[in-house]
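Peer 1: The sequence shown finishes on residue 583 if you use my numbering, and the numbering steps up by one all the way, no holes. Here it is, the structure in full.
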Amino acid sequence: MNMKIRLSLCAALTSAALLFPSAVSDACTNVLVTRGASADGSCMISYAADSHQLYGELYFRPAADWARGEMLKVYEWDTGKYLGEIPQVRHTYQTVGNMNEHQLIIAETTYGGRPELYDSTGIMDYGSLIYITLQRAKTAREAIGVIVDLANTYGYCSSGESFSIADKDEVWVMDLIGKGHRLEKGKNVNKGIVWVARRVPDGYICAHANQARISTFPLDDPDNCLYAPDVISFAREMGYYDGPDEQFSFCDAYNPLNFSGMRGCEARAWSAFNILCDGRFVFEDEHGNLIERDAYDYIDYAMGYDKSKRFPLFVKPSKKITVKDVADVMRDHYEGTPMDMTTDIGAGGNALPYRWRPMDFEYEGKVYTNERAIATQQTGFWFVGQSRGWLPDMIGGLIWFGTDDAATSYLTPVYTAVTAVPECFAEGNGSMLEYSPTSAFWVCNRVANACYRMYNVMAPTVRKKIDAFENEQIAAVKDVDGRALAAYDAEKKSRDFARTRQILTDYSVGTAQRIFREWTELEIFLLLKYMDGNVKGQNPDGSFVTNGYSDGIPGQITNPGYTEKWKESVAREHGKVIEVIE
Numbered sequence: 002m003n004m005k006i007r008l009s010l011c012a013a014l015t016s017a018a019l020l021f022p023s024a025v026s027d028a029c030t031n032v033l034v035t036r037g038a039s040a041d042g043s044c045m046i047s048y049a050a051d052s053h054q055l056y057g058e059l060y061f062r063p064a065a066d067w068a069r070g071e072m073l074k075v076y077e078w079d080t081g082k083y084l085g086e087i088p089q090v091r092h093t094y095q096t097v098g099n100m101n102e103h104q105l106i107i108a109e110t111t112y113g114g115r116p117e118l119y120d121s122t123g124i125m126d127y128g129s130l131i132y133i134t135l136q137r138a139k140t141a142r143e144a145i146g147v148i149v150d151l152a153n154t155y156g157y158c159s160s161g162e163s164f165s166i167a168d169k170d171e172v173w174v175m176d177l178i179g180k181g182h183r184l185e186k187g188k189n190v191n192k193g194i195v196w197v198a199r200r201v202p203d204g205y206i207c208a209h210a211n212q213a214r215i216s217t218f219p220l221d222d223p224d225n226c227l228y229a230p231d232v233i234s235f236a237r238e239m240g241y242y243d244g245p246d247e248q249f250s251f252c253d254a255y256n257p258l259n260f261s262g263m264r265g266c267e268a269r270a271w272s273a274f275n276i277l278c279d280g281r282f283v284f285e286d287e288h289g290n291l292i293e294r295d296a297y298d299y300i301d302y303a304m305g306y307d308k309s310k311r312f313p314l315f316v317k318p319s320k321k322i323t324v325k326d327v328a329d330v331m332r333d334h335y336e337g338t339p340m341d342m343t344t345d346i347g348a349g350g351n352a353l354p355y356r357w358r359p360m361d362f363e364y365e366g367k368v369y370t371n372e373r374a375i376a377t378q379q380t381g382f383w384f385v386g387q388s389r390g391w392l393p394d395m396i397g398g399l400i401w402f403g404t405d406d407a408a409t410s411y412l413t414p415v416y417t418a419v420t421a422v423p424e425c426f427a428e429g430n431g432s433m434l435e436y437s438p439t440s441a442f443w444v445c446n447r448v449a450n451a452c453y454r455m456y457n458v459m460a461p462t463v464r465k466k467i468d469a470f471e472n473e474q475i476a477a478v479k480d481v482d483g484r485a486l487a488a489y490d491a492e493k494k495s496r497d498f499a500r501t502r503q504i505l506t507d508y509s510v511g512t513a514q515r516i517f518r519e520w521t522e523l524e525i526f527l528l529l530k531y532m533d534g535n536v537k538g539q540n541p542d543g544s545f546v547t548n549g550y551s552d553g554i555p556g557q558i559t560n561p562g563y564t565e566k567w568k569e570s571v572a573r574e575h576g577k578v579i580e581v582i583e
């Protein structure tokens with residue numbers, strides 16, 4: 002499987018992440034939802050693959066059988082660099098994006114961690130661990146085992162990673178990091194990884210965003226916690242920890258906190274919790290007692306001011322969560338919090354919730370940071386994966402997939418049993434250096450970049466269309482499930498399932514191509530309606546208001562003006578020059 006996928010900085014560049022821990026604040030966000038926390042009983046994982054260089058496309062690998070002794074070439078997902086080869090297994094499962102035919106979902110965020118633990122000689126990078134494991138594992142527990150075996154057998158050449166792993170029944174969060182490179186008799190005796198994986202308790206949710214989140218963990222509870230046998234002893238050997246085993250914290254040992262880790266990373270997980278828990282964090286303490294805290298009890302931690310106020314790894318949501326709830330969390334810009342990106346002068350005159358890079362800037366001897374929200378302009382692709390255990394695997398696996406900035410792009414459902422992916426998401430249909438008019442990534446970028454010009458006026462138009470489409474598809478999926486299930490039952494005896502797959506493929510491809518065409522038209526509409534900062538009026542039927550004499554001349558034009566914050570700042574800074582004197 003050749004995964005040389007266009008220089009992803011989803012992990013930030015490995016060297017940058019190792020040398021500059023704050024660099025990973027440009028990277029990804031995951032939200033994890035258990036069956037008992039979801040409205041329909043599905044396990045869900047969301048993922049924003051954020052990068053300034055990653056192209057948005059939907060990776061598709063049909064199931065395949067391989068000859069004995071065949072080898073698999075491994076390419077680094079970040080760079081396309083050839084790393085080596087490993088023995089191929091006899092059979093690989095079908096994968097669509099970050100899900101496979103058995104409803105297994107794997108996503109990640111990169112946290113960098115201690116630079117001395119990077120091993121450049123390994124064959125397995127974090128991206129290859131994801132996509133190779135999806136081809137070889139059926140369940141979340143199997144996936145953890147495959148990840149560990151691959152990394153320990155062939156060496157791990159990426160920095161610290163947090164993985165989100167879900168199947169039909171369980172959701173796990175896994176923190177891992179390499180062990181560096183120490184030669185003895187010509188061999189790296191530190192090859193492999195140290196790691197810990199915790200099962201998210203049913204009824205709870207988890208989130209992580211480029212900062213290791215597993216702190217202390219149960220040492221004798223294999224149903225809910227798995228870990229490397231040397232995860233503590235190796236930390237002692239390296240001088241990272243010298244306390245009792247039961248107080249060992251993985252994240253404190255292998256990914257020590259700094260301001261950037263809290264403000265640029267943990268703040269996103271806090272914000273996801275804040276939204277899905279309606280401002281109240283309900284969780285169990287180390288003694289099993291149920292605790293309830295206001296989300297703002299942890300705001301000083303999220304903002305990077307107080308390391309001691311770390312919020313819990315798992316929390317109960319305030320209500321059962323839908324796939325739409327998760328999708329909308331991925332569109333967050335810290336609205337309504339102290340980190341709200343729409344309220345300071347950096348948002349310009351139209352409340353733009355984005356700041357161009359670099360993240361930090363210096364002024365008069367002080368360093369300041371721009372916020373890094375969940376939604377960001379430099380997203381390659383993003384998704385919400387649903388593992389729906391009440392349905393056969395062929396029908397139950399559903400990945401809601403999108404490209405570019407989550408706040409101005411749609412998610413469209415793709416079943417993991419499809420025989421083909423939509424052209425608009427197909428690999429090779431354009432690149433970061435090659436524009437394609439048939440690529441969803443490029444049309445979503447055109448819509449997003451149009452909105453950035455006058456965000457508080459234009460983005461609501463786009464969001465209204467997103468909501469209508471996604472809600473429509475949530476209803477449509479129920480109908481498709483029913484039709485596919487009827488076909489599945491009819492084909493069960495023959496084990497052919499051609500009709501079932503056709504139903505799922507026709508819907509997935511047809512829906513994706515339809516919304517792609519609508520987004521192409523939307524970009525044209527945005528140009529027509531909002532050109533040059535004007536807003537052309539529309540009639541109730543959607544047509545433009547004319548001047549009554551010519552169909553080509555608008556008859557109603559308004560100018561939205563600027564936010565009060567912008568007017569206040571401009572008047573204060575430049576008022577003496579521009580004040581109107583009667």
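Glycine included, C-beta positions come from ideal geometry on N, C-alpha and C.
With contact counted as at least three CB pairs below 8 Å, one residue from each stretch, are the stretch 557 to 575 and the stretch 490 to 500 in contact?
Peer 2: no
Peer 1: Using a Cβ-Cβ cutoff of less than 8 Å, which residues in the same chain neighbour G511 once the five nearest sequence positions on both sides are dropped?
Peer 2: In the sequence shown, counting from the first residue as 1, residue 511 sits at position 510. Taken in chain order, the list of residues that qualify is empty.
Peer 1: For E428, collect the residues of the same chain with a Cβ closer than 6 Å to its Cβ; drop the 5 residues on either side in sequence, then sort them by chain order.
Peer 2: As a first step, residue 428 is located in the sequence shown; it is residue number 427 there, counting from the start. Cβ neighbours of E428 beyond the five flanking positions: E58.
Peer 1: Beta-carbon within less than 6 Å of Y241's beta-carbon, same chain only, minus the 5 sequence neighbours each way: which residues are those?
Peer 2: Looking up residue 241 in the sequence shown gives position 240. The residues are A254.
Peer 1: State the Cα-Cα distance for the pair Y531 and K310, rounded to the nearest angstrom.
Peer 2: For the purposes of this step, residue 531 is taken as the residue at position 530 of the sequence shown. For the purposes of this step, residue 310 is taken as the residue at position 309 of the sequence shown. Those two C-alpha atoms are separated by around 45 Å.
Peer 1: Please look up how many angstroms separate the CB atoms of V147 and A141, rounded, as I've assumed it's under 8 Å.
Peer 2: On the sequence shown, residue 147 is found 146 positions in, with the first residue counted as 1. On the sequence shown, residue 141 is found 140 positions in, with the first residue counted as 1. So it is not a contact: roughly 11 Å between Cβ atoms.
Peer 1: For F384, name the three-state secondary structure that DSSP assigns.
Peer 2: Within the sequence shown, residue 384 is the residue found at index 383, counting from 1. Looking at F384 - three-state DSSP - the assignment turns out to be strand.
Peer 1: Do the stretch 387 to 401 and the stretch 293 to 313 touch if we need at least three Cβ pairs shorter than 8 Å?
Peer 2: Too few Cβ pairs lie closer than 8 Å, so no.
Peer 1: Helix, strand or coil: which one does DSSP assign to Y364?
Peer 2: On the sequence shown, residue 364 is found 363 positions in, with the first residue counted as 1. In this structure, Y364 counts as strand in the three-state DSSP scheme.
Peer 1: DSSP three-state label for W520, please.
Peer 2: If you number the sequence shown from 1, residue 520 lands on position 519. Residue state, collapsed to three classes: helix.
Peer 1: Compute the Euclidean distance between the alpha carbons of K82 and M125, then round it to the nearest angstrom.
Peer 2: For the purposes of this step, residue 82 is identified with residue 81 of the sequence shown, where counting begins at 1. For the purposes of this step, residue 125 is identified with residue 124 of the sequence shown, where counting begins at 1. Each residue's Cα considered, the two are about 12 Å apart.
Peer 1: Could you pull the DSSP bridge partners for Q557 from this structure?
Peer 2: Looking up residue 557 in the sequence shown gives position 556. BP columns for Q557 are empty, so no partner.
Peer 1: Using only alpha-carbon positions, find the residue among E117, V32 and S43 that is nearest to P393.
Peer 2: Locating residue 393 in the sequence shown gives position 392, where the first residue counts as 1. Residue S43 holds the alpha-carbon nearest to the alpha-carbon of P393 among E117, V32 and S43.
Peer 1: Of all the alpha helix (DSSP H) runs that stay within the bounds of the stretch 162 to 227, which reach a length of 4 or more residues?
Peer 2: none
Peer 1: Out of E109, L227, L184 and A491, state which residue places its alpha-carbon closest to the alpha-carbon of A208.
Peer 2: For the purposes of this step, residue 208 is identified with residue 207 of the sequence shown, where counting begins at 1. Closest by alpha carbon: E109.
Peer 1: Compute the Euclidean distance between the alpha carbons of I166 and Y306, then round it to the nearest angstrom.
Peer 2: Walking along the sequence shown from the start, residue 166 turns up at place 165. Walking along the sequence shown from the start, residue 306 turns up at place 305. Each residue's Cα considered, the two are about 31 Å apart.
Peer 1: Is the beta carbon of N211 sitting closer than 8 Å to the one on A28?
Peer 2: The count along the sequence shown starts at 1 and reaches residue 211 at position 210. The count along the sequence shown starts at 1 and reaches residue 28 at position 27. Yes, these two residues count as a Cβ contact at 8 Å.
Peer 1: CA-CA distance, E247 and F218?
Peer 2: On the sequence shown, residue 247 is found 246 positions in, with the first residue counted as 1. On the sequence shown, residue 218 is found 217 positions in, with the first residue counted as 1. Taking the straight line from one Cα to the other gives about 8 Å.
Peer 1: Taking C-alpha atoms, which residue in E238, L227 and F274 lies nearest to A144?
Peer 2: In the sequence shown, the residue the question calls residue 144 occupies position 143. Looking at the Cα atoms, L227 is the closest of the given residues.
Peer 1: Kindly identify the DSSP beta-bridge partner or partners of T93.
Peer 2: Taking the sequence shown and counting its residues from 1, one reaches residue 93 at position 92. BP columns for T93 point to A65.
Peer 1: On a Cα-Cα basis, can you pick out the residue from V190, T338, Y453 and K465 that is closest to V352?
Peer 2: For this step, residue 352 is matched to residue 351 along the sequence shown. The sequence as given places Ala at residue 352; Val does not occur at that position. When C-alpha distances from A352 are compared across V190, T338, Y453 and K465, the shortest belongs to Y453.
Peer 1: Along the beta strand (DSSP E) that carries E109, what are the first and last residues, could you check?
Peer 2: As a first step, residue 109 is located in the sequence shown; it is residue number 108 there, counting from the start. Residues I106 to G113.
Peer 1: Measure the beta-carbon distance from I475 to K325 and round it to whole angstroms, keeping in mind my assumption that it falls under 8 Å.
Peer 2: Numbered from its first residue, the sequence shown carries residue 475 at position 474. Numbered from its first residue, the sequence shown carries residue 325 at position 324. With a Cβ gap of about 6 Å, I475 and K325 count as contacting.
Peer 1: Assuming M45 contacts G386 under a Cβ cut-off of 8 Å, what Cβ separation, rounded to an integer in Å, is found between them?
Peer 2: Against the sequence shown, residue 45 aligns to sequence position 44. Against the sequence shown, residue 386 aligns to sequence position 385. Correct: roughly 7 Å between the Cβ atoms.
Peer 1: Can you find the residues in the same chain that come closer than 8 Å, C-beta to C-beta, to Q539, ignoring five residues on each side of it along the sequence?
Peer 2: By 1-based counting over the sequence shown, the position of residue 539 is 538. Hits under 8 Å: K530, F545 and V546.
Peer 1: When we look at the beta-carbon of I131 and count the other beta-carbons within 10 Å, is it buried (16 or more) or exposed?
Peer 2: One-based indexing of the sequence shown puts residue 131 at position 130. With 16 or more other Cβ atoms within 10 Å, it is buried.
Peer 1: Just confirm the distance between the C-beta atoms of P334 and A213, as a whole number of angstroms; I'd bet it's less than 8 Å.
Peer 2: Translated into the one-based positions of the sequence shown, residue 334 becomes position 333. Translated into the one-based positions of the sequence shown, residue 213 becomes position 212. Note on identity: in this sequence residue 334 is His, with Pro being the wrong assignment. Contact doesn't hold; Cβ gap of about 25 Å is too wide.
Peer 1: For a test of the three-state rule: what should DSSP assign to E473, helix, strand or coil?
Peer 2: By one-based count along the sequence shown, residue 473 stands at place 472. DSSP places E473 in helix when its eight states are reduced to three.
Peer 1: Per DSSP, what are the beta-bridge partners of K537 in this structure?
Peer 2: Position 536 of the sequence shown holds residue 537. I558, per the DSSP bridge assignment.
Peer 1: Are the beta-carbon atoms of N189 and T122 separated by less than 8 Å?
Peer 2: One-based indexing of the sequence shown puts residue 189 at position 188. One-based indexing of the sequence shown puts residue 122 at position 121. Result yes, Cβ atoms of N189 and T122 sit closer than 8 Å.
Peer 1: Thinking just about the alpha-carbon of each residue, which of F284, P313 and P354 is nearest to the one in A270?
Peer 2: Residue mapping note: residue 270 aligns to position 269 of the sequence shown, counting from 1. Measuring from the Cα of A270, the nearest candidate turns out to be P313.
Peer 1: Name the residue from R200, A50 and T521 whose alpha carbon lies nearest to the alpha carbon of K466.
Peer 2: Taking the sequence shown and counting its residues from 1, the one referred to as residue 466 is at position 465. Out of R200, A50 and T521, T521 has the C-alpha closest to the C-alpha of K466.
Peer 1: Q557: buried (16+ other C-beta within 10 angstroms of its C-beta) or exposed?
Peer 2: Position 556 of the sequence shown, counted from the start, is the residue given in the question as residue 557. Exposed.
Peer 1: How about L135 and N101: are their beta carbons less than 8 Å apart?
Peer 2: Reading the sequence shown from its first residue, position 134 is the one you call residue 135. Reading the sequence shown from its first residue, position 100 is the one you call residue 101. Cβ distance < 8 Å, so L135 and N101 count as in contact.
Peer 1: Going by other Cβ atoms of all chains shown within 10 Å of its Cβ, with 16 needed for buried, is H103 buried or exposed?
Peer 2: As a working note, residue 103 is residue 102 in the sequence shown. With 16 or more Cβ atoms within 10 Å of its Cβ, H103 is classed as buried.
Peer 1: Go ahead and pull the three-state DSSP assignment for R454.
Peer 2: For the purposes of this step, residue 454 is identified with residue 453 of the sequence shown, where counting begins at 1. DSSP places R454 outside both helix and strand once states are collapsed to three, so it counts as coil.
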